[in-house]
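Novice:
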Amino acid sequence: SGLLKKTSGLASVCGGDVNSQRNDIKAITGLLPESPGLYSKLSAVEFLEFIGALNNLSGESLHKRIDALLGMLGLEGRRNDLLESYSSGMKQKVLVASTLLHEPKLVFLDEPTSRLDPSASALVKDLILVLAEETETTFFICTHMTNFAEDTCDIIGIINNGTLTTLGSPQDIIDQAGASDLEEAYLKIVGGQVDRDKLLSWRQ
222 SGLLKKTSGL
232 ASVCGGDVNS
242 QRNDIKAITG
252 LLPESPGLYS
262 KLSAVEFLEF
272 IGALNNLSGE
282 SLHKRIDALL
292 GMLGLEGRRN
302 DLLESYSSGM
312 KQKVLVASTL
322 LHEPKLVFLD
332 EPTSRLDPSA
342 SALVKDLILV
352 LAEETETTFF
362 ICTHMTNFAE
372 DTCDIIGIIN
382 NGTLTTLGSP
392 QDIIDQAGAS
402 DLEEAYLKIV
412 GGQVDRDKLL
422 SWRQ
């Protein structure tokens with residue numbers, strides 16, 4: 222995401238060198254960390270206006286973008302309410318909107334559905350799929366929700382003990398692991414399957 226400088230080797234994002242073109246890269250990337258902060262005394266609109274200003278956005282184009290995102294996320298009726306009155310899921314929606322506000326080419330999402338109910342999670346998933354299909358936006362998602370990853374991602378990487386051990390399409394990974402779905406494949410790869418007999422042995 223451009224926050225750290227590389228220590229060795231070569232690295233580029235969207236064709237830009239991560240050292241010499243860091244500011245250019247930051248301008249075309251969006252980041253939603255797992256535990257971001259919100260200014261609770263601002264309304265949703267005020268918070269998004271603030272984020273827009275940080276990205277050199279203003280005027281009618283910014284407000285059209287804010288209106289569109291709040292509408293897509295079902296928050297138009299609460300747009301002027303203070304964020305401190307929002308539920309955790311609603312706050313997460315505002316954070317998703319802030320990440321997409323400047324129409325980045327590359328978006329990093331860290332556990333984007335962690336605080337959302339099933340309906341809101343499905344909405345975020347559909348939003349990602351639509352934006353990925355209709356724009357040139359690439360989404361880089363970090364998640365432990367295998368069903369979300371299986372439904373959303375074209376390419377999946379599995380990291381075990383800090384090492385990338387598996388990379389491929391969801392179906393390729395499932396087939397290679399001899400599994401019925403991605404969750405089973407993940408457990409086979411990282412070694413997290415439970416021995417049912419041992420688990421229930423306490424009853425004997």
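In this text, residue positions in the sequence shown follow the numbering used here: the first is 222, and each later residue adds one. C-beta atoms are modelled at their ideal positions from N, C-alpha and C, and glycine is treated no differently.
Using only alpha-carbon positions, find the residue among GLU267, LEU290, ASP396, GLY378 that is nearest to LEU388.
Specialist: Checked all of GLU267, LEU290, ASP396, GLY378; the closest Cα to LEU388 is GLY378.
Novice: Assign GLN397 to buried or exposed, taking buried as 16 or more other Cβ atoms, counted over all protein chains shown, within 10 Å of its Cβ.
Specialist: Flag for GLN397 reads exposed.
Novice: With a threshold of 8 Å, are at least 3 pairs of Cβ atoms found where one atom belongs to the segment 354-364 and the other to the segment 389-408?
Specialist: These segments do not touch.
Novice: What residue ranges within the segment 243-318 form continuous beta strand (DSSP E) runs of no fewer than 3 residues, ordered along the chain?
Specialist: Counting only runs of 3 or more, we get 250-253.
Novice: How is the beta strand (DSSP E) around THR387 delimited, first residue to last?
Specialist: Taken as a continuous stretch (DSSP letters only), the beta strand (DSSP E) holding THR387 covers 384-389.
Novice: Considering only the beta carbon of each residue, do LEU294 and ARG300 sit closer than 7 Å?
Specialist: Taking 7 Å as the Cβ cut-off, LEU294 and ARG300 do not qualify as a contacting pair.
Novice: Could you work out which residue in CYS235, VAL239, VAL234 is closest to LYS227 when comparing CA atoms only?
Specialist: Ranking CYS235, VAL239, VAL234 by Cα distance to LYS227 puts VAL239 first.
Novice: Evaluate LYS314 with the Cβ neighbour count: other Cβ atoms within 10 Å of its Cβ, from every protein chain shown; 16 or more gives buried, anything less gives exposed.
Specialist: Looking at its Cβ environment, which holds 16 or more other Cβ atoms inside 10 Å, LYS314 is buried.
Novice: I'd like the list of long-range same chain contacts for ILE362, defined as Cβ closer than 6 Å, with 5 residues on each side in sequence excluded.
Specialist: These residues qualify, in order along the chain: LEU330.
Novice: In chain order, which alpha helix (DSSP H) runs of at least 4 residues are fully inside the segment 326-406?
Specialist: With a minimum length of 4 residues, the continuous alpha helix (DSSP H) runs that stay inside the segment 326-406 are 339-355, 367-373, 391-398.
Novice: Helix or strand or just coil, what does DSSP make of VAL411?
Specialist: Here VAL411 sits in helix by DSSP.
Novice: Please name the residue in LEU252, SER229, GLU267 whose C-alpha comes closest to that of LEU304.
Specialist: Out of LEU252, SER229, GLU267, GLU267 has the C-alpha closest to the C-alpha of LEU304.
Novice: Below 8 Å on the Cβ atoms is my guess for ALA258 versus LEU322; work out the distance and round it to an integer in Å.
Specialist: According to the sequence shown, residue 258 is Gly rather than Ala. Contact flag wrong, Cβ pair sits at about 16 Å.
Novice: Would you grab the beta carbon distance between LEU350 and THR373 for me? Rounded to a whole angstrom, and I think it's under 8 Å.
Specialist: About 7 Å; that satisfies the 8 Å criterion.
Novice: What does a CB cutoff of less than 8 Å around ALA353 pick up in its chain, not counting 5 residues either side in sequence?
Specialist: Same-chain partners within the cutoff: THR359, PHE360.
Novice: Work out the CA separation of ALA318 and GLY400 for me, nearest whole Å.
Specialist: The question names Gly, but residue 400 is Ala in the sequence shown. Distance between the alpha carbons of ALA400 and ALA318 is about 36 Å.
Novice: What does the alpha-carbon distance come out to for the pair GLU404 and TYR260?
Specialist: Going from the Cα of GLU404 to the Cα of TYR260 covers about 36 Å.
Novice: Are the Cβ atoms of ILE249 and PRO325 separated by less than 7 Å?
Specialist: Yes.
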